[in-house]
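Okay, structure first, notes after.
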Amino acid sequence: MVIIWKKLKKCEINKVGFMEIKNKIIQGDCIEVLKNIPSESFDFCFADPPYFMQIDPNKKLFRVEGNEFLGCNDEWDKFLSLDEYKKWTINWLKEVQRVLKRNGTICVIAGMQSVYEIGNILRELGFWVINDIIWQKSNPTPNFSGTRLNNSHETLIWAQKSKKSKFTFNYKTGKYLNNGKQMGSVWTFPVCSGNERIKTNDNKKLHTTQKPEALLYRIITLFTKKDDLILDPFGGTMTTAVVAKKAGRNFTMIELDSEYIKYGQKRIDETKIEIGDVENAVFDKKPLKVSIAEMIKENYLHINEIFYHKNGKEAILINNKGHLRYNDLEASMHEIAGKILNIERRLNAFDYFFVKRNKKLISISEIRENYREKLKQLK
138 MVIIWKKLKK CEINKVGFME IKNKIIQGDC IEVLKNIPSE SFDFCFADPP YFMQIDPNKK
198 LFRVEGNEFL GCNDEWDKFL SLDEYKKWTI NWLKEVQRVL KRNGTICVIA GMQSVYEIGN
258 ILRELGFWVI NDIIWQKSNP TPNFSGTRLN NSHETLIWAQ KSKKSKFTFN YKTGKYLNNG
318 KQMGSVWTFP VCSGNERIKT NDNKKLHTTQ KPEALLYRII TLFTKKDDLI LDPFGGTMTT
378 AVVAKKAGRN FTMIELDSEY IKYGQKRIDE TKIEIGDVEN AVFDKKPLKV SIAEMIKENY
438 LHINEIFYHK NGKEAILINN KGHLRYNDLE ASMHEIAGKI LNIERRLNAF DYFFVKRNKK
498 LISISEIREN YREKLKQLK
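Sequential numbering from 138 applies to the sequence shown in the numbering used here.
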């Protein structure tokens with residue numbers, strides 16, 4: 138559904154709230170719209186603002202085959218001066234900061250023309266930068282004049298609302314998406330092309346800077362949770378909404394251009410929800426907390442049972458708090474695990490101690506997992 142801002146009555150404007158903006162496109166100027174959205178409404182914001190590319194209208198570039206390269210020469214990317222661009226950036230970022238929840242984060246994408254201004258403004262407003270991310274384009278536009286390096290990347294700045302904020306980061310999901318390795322800050326994706334690139338009825342590119350779904354998918358699955366509400370103040374072709382819907386998140390898109398909205402709404406309507414382990418962030422879900430007392434109560438462990446340490450030493454379980462007796466020392470099994478190894482700190486005893494079951498040694502960790510599985514089945 139599209140909410141046309143300029144057609145709302147004054148009495149309606151002040152009533153814009155969660156149910157009215159969830160999974161909606163709002164047509165209007167982003168700053169004016171944001172001013173009327175309640176504070177702390179959103180969990181996350183993805184922003185792809187105008188880059189202020191400052192293209193010289195008198196200078197033309199041509200592709201190898203002879204066609205003119207138009208680049209980004211849209212009216213929405215034009216500002217009278219750098220100062221005007223900076224003032225405008227401050228205004229929309231202030232509003233985004235206000236409508237983000239206490240532990241909300243923002244991810245802004247920018248080119249070399251604007252990334253430094255945006256980064257400085259974020260910090261001046263009190264945002265705390267978590268990471269900068271390089272989107273390395275595997276199929277960048279060539280430098281047609283051959284006068285400088287091929288501009289083959291864009292920068293994303295991921296920041297939390299303030300230094301004291303907490304934030305969502307699905308670390309293990311990132312490892313899964315990166316073949317078991319820690320996810321780095323250089324991401325390689327092709328620019329949007331082929332069937333993914335939205336075309337008008339006369340077969341022209343609808344939007345000059347449409348972002349690839351793969352880029353948004355990684356951002357949304359790493360930095361948000363299922364059912365989060367995501368804001369995009371520069372909706373464009375609605376890629377953020379499409380990926381959010383697929384991944385089981387909610388969205389609010391703000392866009393001024395009616396043509397972008399027309400094609401974008403159709404794109405959203407045709408999108409199907411596709412929720413799996415990545416979208417649910419199952420890799421990052423903490424296992425059920427299980428106490429020694431519970432395992433004793435359910436007969437998974439027994440008082441006076443011998444606990445065998447990895448190095449062959451033995452201790453005895455003496456109470457349901459998980460305390461062991463080792464020689465003359467009585468302490469938690471975590472402390473005992475360290476003492477046996479002459480380490481003056483607690484160790485994770487679940488990985489160091491074993492008990493006998495059917496004449497075989499089984500780790501306390503494995504017994505705990507067996508109990509967790511039973512609890513899952515009961516649910």
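For every residue, glycine included, the Cβ atom is placed at its ideal position computed from N, Cα and C.
**Message:** Whole angstroms are fine: how far does the CA of E411 sit from the CA of E232?
**Reply:** 32 Å
**Asked** What are the boundary residues of the alpha helix (DSSP H) that A486 is part of?
**Response** Where A486 is concerned, there is no enclosing alpha helix (DSSP H), given that its DSSP letter is neither H nor E.
**Item:** Straight-line gap, G475 to I433 (C-alpha atoms, nearest Å)
**Value:** 23 Å
**Prompt:** Going by beta carbon distance, what residues of the same chain come within less than 6 Å of K336, once the five residues before and after it are set aside?
**Reply:** none
**Message:** Would K298 and R260 qualify as a contact pair, given that the criterion is a beta-carbon distance under 8 Å?
**Reply:** no
**Message:** Taking 8 Å as the cut-off, does the region 392 to 411 touch the region 159 to 171 (at least 3 CB pairs, one atom from each stretch)?
**Reply:** yes
**Message:** Is the beta carbon of T325 closer than 8 Å to that of S289?
**Reply:** no
**Request:** Spatial neighbours of A430 within its chain, please: CB distance less than 8 Å, with the 5 preceding and 5 following residues excluded, ordered by chain position.
**Result:** N457, K458 and G459
**Asked** Leaving out five residues before and five after F264 in sequence, what residues of the same chain have Cβ atoms less than 6 Å from its Cβ?
**Response** A296
**Message:** Could you pull the DSSP bridge partners for R462 from this structure?
**Reply:** I453 and E467
**Request:** Mark L461 as exposed unless 16 or more other C-beta atoms lie within 10 angstroms of its C-beta, in which case mark it buried.
**Result:** buried
**Request:** Indicate whether S302 and V236 have their beta-carbon atoms separated by less than 8 Å.
**Result:** no
**Request:** List the endpoints of the continuous alpha helix (DSSP H) containing T377.
**Result:** T376 to K383
**Request:** Count the C-beta pairs between the region 366 to 385 and the region 347 to 356 that are closer than 8 Å, then say yes if the count reaches three, no if not.
**Result:** yes
**Message:** In whole angstroms, give me the CA-to-CA distance for C167 and D414.
**Reply:** 34 Å
**Item:** Inter-residue CB distance, G372 and G401 (contact presumed, cutoff 8 Å)
**Value:** 6 Å
**Request:** Would you please state the rounded distance, in angstroms, between the beta carbons of A384 and I405? I believe it to be under 8 Å.
**Result:** Incorrect: roughly 13 Å between the Cβ atoms, too far for contact.
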